[in-house]
Amino acid sequence: MYQVGIDIGSSAAKAAVLNEGKLVKTLLLDTGFSGRNTADRIYGMLEQEGITKENAAYVATGYGRISVPYADRTVTEITCHGKGSWFLFQENGTVIDVGGQDTKGIMLKNGRIMKFVMNDKCSAGTGKFLEVMTNRLGLTLEELSGLASLGNPVVISSMCTVFAESEVISLIGKGTPREDIAFGIVESVVEKVVQLISQVQGDQYFLTGGLCEDEYFCGRLSHSLKAPVKSMPEARYAGAIGAALLAEE
Amino acid sequence: MEEHTGLPKTFEEFVEARKQGFLTVKEFKENGGKLAGCLCSYTPHEILDAAGVATVGLCGTSNETIPDAEKVLPKNLCPLIKSTYGFAYSDKCPYTYFSDIIIGETTCDGKKKMYELLAELKDVHILQLPQGQDRPYAKDIWYEEICLFREAMEKKFGVEITEENLRKAVKKRNRLRKALCSMYQLQETCPPALKGTEMMLALQQGTFTFDLEKQIANIENKVEQARKAYAAGERPVSASAKRILLTGCPSGGVIQKVGMVIENNGGVIVCLDDCSGERTNKLLIDENADDILRASADRYLSIHCSVMTPNDGRIDNTKEMVEKYKVDGVIEVVLQACHTFNVEATQMRRMVEDAGIPYMKLETDYATSDSGQLETRIAAFIETL
Chain A
282 MYQVGIDIGS SAAKAAVLNE GKLVKTLLLD TGFSGRNTAD RIYGMLEQEG
332 ITKENAAYVA TGYGRISVPY ADRTVTEITC HGKGSWFLFQ ENGTVIDVGG
382 QDTKGIMLKN GRIMKFVMND KCSAGTGKFL EVMTNRLGLT LEELSGLASL
432 GNPVVISSMC TVFAESEVIS LIGKGTPRED IAFGIVESVV EKVVQLISQV
482 QGDQYFLTGG LCEDEYFCGR LSHSLKAPVK SMPEARYAGA IGAALLAEE
Chain B
256 MEEHTGLPKT FEEFVEARKQ GFLTVKEFKE NGGKLAGCLC SYTPHEILDA
306 AGVATVGLCG TSNETIPDAE KVLPKNLCPL IKSTYGFAYS DKCPYTYFSD
356 IIIGETTCDG KKKMYELLAE LKDVHILQLP QGQDRPYAKD IWYEEICLFR
406 EAMEKKFGVE ITEENLRKAV KKRNRLRKAL CSMYQLQETC PPALKGTEMM
456 LALQQGTFTF DLEKQIANIE NKVEQARKAY AAGERPVSAS AKRILLTGCP
506 SGGVIQKVGM VIENNGGVIV CLDDCSGERT NKLLIDENAD DILRASADRY
556 LSIHCSVMTP NDGRIDNTKE MVEKYKVDGV IEVVLQACHT FNVEATQMRR
606 MVEDAGIPYM KLETDYATSD SGQLETRIAA FIETL
């Protein structure tokens with residue numbers, strides 16, 4: 282019996298398959314316009330590997346959780362990220378998930394979610410902020426981090442993504458080096474994340490979501506939090522893994 | 256100041272239900288009815304009752320009139336204030352439109368200054384509240400304010416507000432308060448006898464009933480029916496539903512956006528801890544007091560709202576409610592730009608967490624733009640309980 286977790290996020294869709302308590306497969310796709318189509322594509326891809334309704338239970342999570350018609354049930358991404366992170370890290374601490382349109386902080390203790398925070402509709406400190414800024418600078422996310430690590434401090438003070446973009450445009454206009462602007466952009470996200478999770482502080486942090494393999498970002502986050510920030514490549518799938526774990530219960 | 260007797264110019268554009276509302280209130284006025292619009296639980300309703308003036312709640316709960324209001328008021332203001340003003344500005348609310356007077360209080364800064372602009376559109380009487388209840392002279396100030404209010408209403412409506420009528424009004428209002436409390440207490444059982452949102456909608460409906468006797472009867476009927484149904488084994492709420500206490504700002508504008516979402520995601524509101532709930536309505540007026548006006552004034556001033564400083568009474572009461580209603584989780588709703596409730600939320604959170612109960616604060620307005628995020632946060636909160 283397979284347990285399948287499907288996390289339809291605002292920008293990326295993730296799937297994780299567990300068999301006998303082990304992670305046996307992950308998938309990563311762009312969500313695109315239709316979460317429903319993406320969910321169908323995931324089903325087809327898993328079907329080719331012999332994972333079907335016949336031998337698997339499905340749980341959907343993320344913003345598109347209601348557009349997965351074959352899911353047995355839906356669970357919010359907060360619960361799933363908590364469960365998935367405990368599966369991956371097996372330690373007490375606070376999960377930081379920087380998602381496409383929101384950022385969450387989830388305090389874990391002995392596998393249980395003690396408390397969580399999530400940004401409201403504002404996109405400050407989320408993946409959306411980084412997406413807008415990298416587009417503006419004509420960079421990929423990896424390139425942004427690479428440049429930022431070479432930059433000198435520049436402060437981007439606007440809280441709002443739209444205003445911050447104007448601020449970046451002014452910096453570009455003034456001839457500020459791209460490295461310095463990149464530095465300012467990453468620091469802006471770090472600062473907002475740290476502010477958001479001030480109510481769910483832990484002795485250590487686990488970074489999940491699309492930035493999990495970004496060592497520079499983890500380092501800056503750790504510097505600001507004055508605590509270790511751990512991550513691993515599978516942490517990108519934490520939500521999907523959590524959903525898969527719940528497919529059993 | 257224009258006194259409205261005819262229908263608004265835009266009447267023909269209204270949908271049928273709204274047209275009907277206008278015609279009903281128009282008829283009430285044509286038959287000699289007098290109408291006062293109220294906005295706050297600090298309004299001493301008995302004075303208006305004793306003057307033979309019907310009262311109706313005008314707290315704005317809809318996003319519809321906010322774009323109109325923002326032509327005059329700043330955007331970054333509480334949606335309740337904007338909505339309320341917007342209804343007066345746009346002539347879209349029959350009760351606002353036909354009210355002879357609107358009664359306001361110096362509660363929060365936003366309301367107090369909005370009333371100055373509202374007074375350009377409607378006759379407005381402002382009651383000045385003390386900033387707190389603990390100074391020895393606070394009660395005297397408020398009593399003087401109530402005396403002025405009584406005089407103003409006597410003059411406005413050309414009536415005498417007698418002791419006898421005041422005492423009658425106190426008795427009737429106490430009956431309403433007791434009826435409301437018995438409705439709230441339906442939620443004590445596990446599972447509760449009503450959906451919380453059903454109760455919230457009934458409460459809101461009640462504020463639009465001119466006839467107090469009818470309003471009391473409606474609530475009493477609802478309570479009796481719910482009790483009978485429960486005794487007969489009906490369970491409108493699942494026994495596994497998580498028991499939520501909803502606190503914070505007035506919740507009339509977020510019944511759909513927050514209340515329904517709680518109850519569609521495995522929760523049930525067992526205690527409505529805003530100003531229209533048990534905290535306020537359990538405060539009765541001593542019907543046999545020698546000075547009935549004094550007794551009324553004292554009761555109203557003892558209401559706990561975040562505009563008062565200090566306001567420990569609200570926190571203490573919530574603590575009591577958390578135990579009484581065997582609450583699993585507390586959700587606090589702060590309307591955008593409501594500084595007093597937003598700041599006080601820190602004290603609320605500390606008390607709730609110290610009691611070992613999970614707490615979540617939601618800051619929102621009446622627009623639907625953040626519905627997705629709100630639903631995720633509320634559903635996740637209930638999942639973790």
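Chain order of the listed sequences is A and B.
Add 281 to the 1-based position in the first sequence for this note's numbering, that's all there is to it.
Add 255 to the 1-based position in the second sequence for this note's numbering, that's all there is to it.
Glycine residues also receive a C-beta, built at the ideal position from the N, C-alpha and C atoms.
Nearest-angstrom Cα distance between B:Thr535 and B:Pro391? Cα to Cα, B:Thr535 sits roughly 22 Å from B:Pro391.
Just checking, does the segment 598 to 606 of chain B make contact with the segment 301 to 318 of chain A on the three C-beta pairs under 8 Å criterion? The segment 598 to 606 of chain B vs the segment 301 to 318 of chain A: no contact.
To the nearest angstrom, report how far apart A:Ile228 and B:Tyr297 are at their CA atoms. Residue 228 of chain A is absent from the model: chain A starts at 282 and stops at 530.
Cross-chain neighbours of A:Met399 in chain B, by beta carbon under 9 Å: Residues of chain B passing the Cβ test: Gln628, Thr631, Arg632 and Ala635.
Top-ranked residue by Cα proximity to B:Arg432, from B:Leu290, B:Ala634, B:Ser531 and B:Thr316: The option with the nearest alpha carbon to B:Arg432 is B:Ser531.
Pick out whichever of A:Asn318, A:Ile359 and A:Thr342 has its Cα sitting closest to the Cα of B:Arg632. Ranked by Cα distance from B:Arg632, the options A:Asn318, A:Ile359 and A:Thr342 are led by A:Ile359.
Chain A contact for B:Ser624 (CB, 8 Å cutoff): True, the Cβ-Cβ gap to chain A drops below 8 Å.
Residues of the segment 331 to 349 of chain B with Cβ closer than 8 Å to any Cβ of chain A, in chain order: From the segment 331 to 349 of chain B, no residue has a Cβ closer than 8 Å to chain A.
Compute the Euclidean distance between the alpha carbons of B:Pro385 and B:Gln480, then round it to the nearest angstrom. Looking at the two C-alpha atoms, the distance is approximately 41 Å.
For A:Gly380 versus A:Gly490, is the C-beta spacing smaller than 8 Å? Inclusion of A:Gly380 and A:Gly490 in the CB contact set at 8 Å is warranted, their separation being smaller than that value.
From this set, A:Gly325, A:Ala508, A:Ala352 and A:Thr442, which residue's C-alpha is nearest A:Val376's C-alpha? For the residues A:Gly325, A:Ala508, A:Ala352 and A:Thr442, the minimum Cα distance to A:Val376 belongs to A:Ala508.
Nearest CA to the CA of B:Ala487: which residue from B:Ile499, B:Leu458, B:Glu468 and B:Ala448? Selection B:Ile499, B:Leu458, B:Glu468 and B:Ala448 evaluated against B:Ala487 yields B:Ala448 as nearest (Cα-Cα).
Should A:Ile323 go down as buried or exposed, given a rule of 16 or more other Cβ atoms within 10 Å for buried? A:Ile323 counts as buried, since no fewer than 16 other beta carbons sit within 10 angstroms of its beta carbon.
Output, in sequence order along the chain, the residues in the segment 363 to 386 of chain A whose CB is closer than 7 Å to any CB in chain B. If the cut-off is 7 Å between Cβ atoms, the segment 363 to 386 of chain A has Asp383 near chain B.
Along the alpha helix (DSSP H) that carries B:Gln460, what are the first and last residues, could you check? Residues Gly451 to Gly461.
Using a Cβ-Cβ cut-off of 8 Å, state whether B:Glu587 counts as contacting chain A. Residue-level contact check: B:Glu587 does not touch chain A, since none of the beta carbons of chain A fall below 8 Å from its beta carbon.
B:Cys295 - containing alpha helix (DSSP H), residue span: Segment: none, B:Cys295 is in no alpha helix (DSSP H) and carries neither H nor E.
Is it the case that the Cβ atoms of A:Phe464 and A:Asn433 are separated by a distance below 8 Å? Cβ atoms of A:Phe464 and A:Asn433: closer than 8 Å.
Are the CB atoms of A:Ile387 and A:Val471 nearer to each other than 8 Å? Not in contact: A:Ile387 and A:Val471 (Cβ atoms no closer than 8 Å).
Of the choices A:Thr384, A:Leu527 and A:Ala429, whose alpha-carbon is the least far from that of A:Arg501? Comparing Cα-Cα distances from A:Arg501 to each of A:Thr384, A:Leu527 and A:Ala429, the minimum goes to A:Ala429.
Same chain, Cβ closer than 7 Å to B:Glu475, five either side skipped, listed in chain order: Within the same chain, Ala434 come within 7 Å of B:Glu475 by CB-CB distance, once the 5 residues on both sides are set aside.
Ends of the alpha helix (DSSP H) at B:Cys526? Unbroken run through B:Cys526 is the beta strand (DSSP E), Gly522 to Asp528; no alpha helix (DSSP H).
Continuous beta strand (DSSP E) assignments of at least 3 residues falling wholly in the segment 573 to 602 of chain B: Scanning the segment 573 to 602 of chain B for uninterrupted beta strand (DSSP E) segments of 3 residues or longer gives 584 to 590, listed from N- to C-terminal end.
Contacts that B:Glu618 makes with chain A (C-beta to C-beta distance below 7 Å): What B:Glu618 touches in chain A: Asp401.
Under 8 Å, Cβ to Cβ, is there at least one residue of chain B near A:Ile453? With 8 Å as the cut-off, A:Ile453 does not count as an interface residue toward chain B.
Proximity below 8 Å, CB of B:Phe404 to CB of B:Ala306: Cβ distance not < 8 Å, so B:Phe404 and B:Ala306 don't count as in contact.
Using the beta-carbon of each residue, which ones in chain A are nearer than 9 Å to B:Glu578? Residues of chain A passing the Cβ test: none, with the nearest at roughly 21 Å.
Tell me whether A:Cys441 is buried or exposed, calling it buried when 16 or more other Cβ atoms sit within 10 Å of its Cβ. Per the 10 Å Cβ criterion, exposed.
Do you know offhand how far B:Ala424's Cα is from B:Gly288's? Linking B:Ala424 to B:Gly288 through their CA atoms gives a straight-line distance of about 17 Å.
In whole angstroms, what is the alpha-carbon distance linking A:Leu431 and A:Thr457? CA-CA distance, A:Leu431 to A:Thr457, rounds to 13 Å.
Looking at C-alpha atoms only, which residue of B:Ala309, B:Asp346 and B:Lys284 is the closest neighbour of B:Lys264? With distances taken between Cα atoms, B:Lys264 lies closest to B:Asp346.
From B:Lys579 to B:Thr320, what does the alpha carbon distance come to, in whole angstroms? Taking the straight line joining both Cα atoms gives about 38 Å.
Option nearest B:Val562 by Cα separation, candidates B:His300, B:Lys394 and B:Thr361: When C-alpha distances from B:Val562 are compared across B:His300, B:Lys394 and B:Thr361, the shortest belongs to B:Thr361.
Could you check whether B:Ile401 and B:Pro299 sit closer than 8 Å to each other, using their CB atoms as the reference points? Between B:Pro299 and B:Ile401, the CB-CB gap stays under 8 Å.
In the structure shown, what three-state DSSP assignment does A:Val340 receive? In the structure shown, the three-state DSSP call for A:Val340 is strand.
Considering only residues of the same chain and omitting the five flanking positions on each side of A:Gly345, which have a CB-CB separation below 6 Å? Exclusion of the five residues before and after A:Gly345 leaves Ile289 and Gly316 as the residues of its chain whose Cβ lies within less than 6 Å of its Cβ.
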